[in-house]
Amino acid sequence: MPQLTAQGVTYDIDAILFDKDGTLLNFGDLWIGWFDQLVSTVNHQLPSHQQFSHHALYPKVGIYPEQRLWDPTGPLTIGSLDDIATILALSLFEARVAWNDATQITQDAMTTLAQQLDWLSCVTPVEGLIDFVTRASHAGVRMGVVTSDDKQNADLHLSILSLTDHFPVVLGHDQVARGKPYPDMALAACQQLNVLPQRTLIIGDSNGDMAMGKDAGLLASIGICAAPHLDGSYLTHADLVVRDYNELTIAPSHH
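Residue numbers for the sequence shown follow this note's numbering, so the first one is 269 and each next one is one higher.
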């Protein structure tokens, strides 16, 4: 079977599961830009005296306003799109918008943004990713994506990176009863890839990914910390932590 080596440790594997945001894609390029556009879209539906300041909302989702950097333990990093919608709706309610109006305004803005956002400028691969995925494919590794984002977005982002063909299984938060850190998504991906969890690795950038891997009985959970302002110390459940894909080597089976 193929082998993956990281920091002197070699794993015999059949498959690798990847988180998407911060793992395949650079997180800040994608989601801080998305959140800015979401707030602007919400503001279009509000009278001027109720409009949000972006800076006032940043801390509520885990963005540091001055540096425009993100908190790896915050809702924007770990939460689902539904979580972000709820946080925005609650902020509207706190600004004296009725809850039914707040939820509708937020949902309408999410729908509008999904249709209009310029994803091409936001989706950039983590360093070394394209080469690593290509080598893993050639080595016979089966690969899947397990993301807290929705499947439709995940499919779109993979196609922008021209990676669709490498990932026969793509699972989003909207396709499982329980999202991360529960093991459901990882177990479903292994089943669909027809591999055993104990011959499968997960690579992810949050503790939710690492915990999911542990609870699903995966061979190992590898943390990736591609963001220069983070040191990876928050990945307490990771078996090891790498900066990018250039630290991982993959070899085909020796048989």
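Cβ coordinates follow ideal geometry from the N, Cα and C atoms, glycine included.
Can you tell me the Cα-Cα spacing of Val365 and Leu314, whole angstroms?
10 Å
What would DSSP say about Ile470, mapped onto helix, strand or coil?
strand
Which residue from Asp512, Ala519, Tyr502 and Gln375 puts its Cα closest to that of Ile346?
Tyr502
Express the C-alpha separation of Tyr513 and Val396 in angstroms, rounding to a whole number.
Looking at the sequence shown, residue 396 is not Val but Gly. Those two C-alpha atoms are separated by around 5 Å.
Limits of the alpha helix (DSSP H) - the one that Phe295 falls within:
Phe295 to Asn311
Beta strand (DSSP E) containing Ser489: first to last residue?
Ala488 to Ile492
Exposed or buried, what is His323 when buried is set at 16 or more other beta-carbons lying within 10 Å of its beta-carbon?
exposed
Excluding five sequence neighbours on each side, which residues of the same chain lie with their C-beta closer than 8 Å to the C-beta of Leu464?
Asp282 and Cys458
Which runs of the alpha helix (DSSP H) at least 4 residues long sit entirely within the region 298-381? Give them in chain order.
322-329, 343-346 and 349-362
Note down the Cα distance separating Ser316 from His425, rounded to an integer number of angstroms.
Ser316 and His425: Cα-Cα distance of roughly 34 Å.
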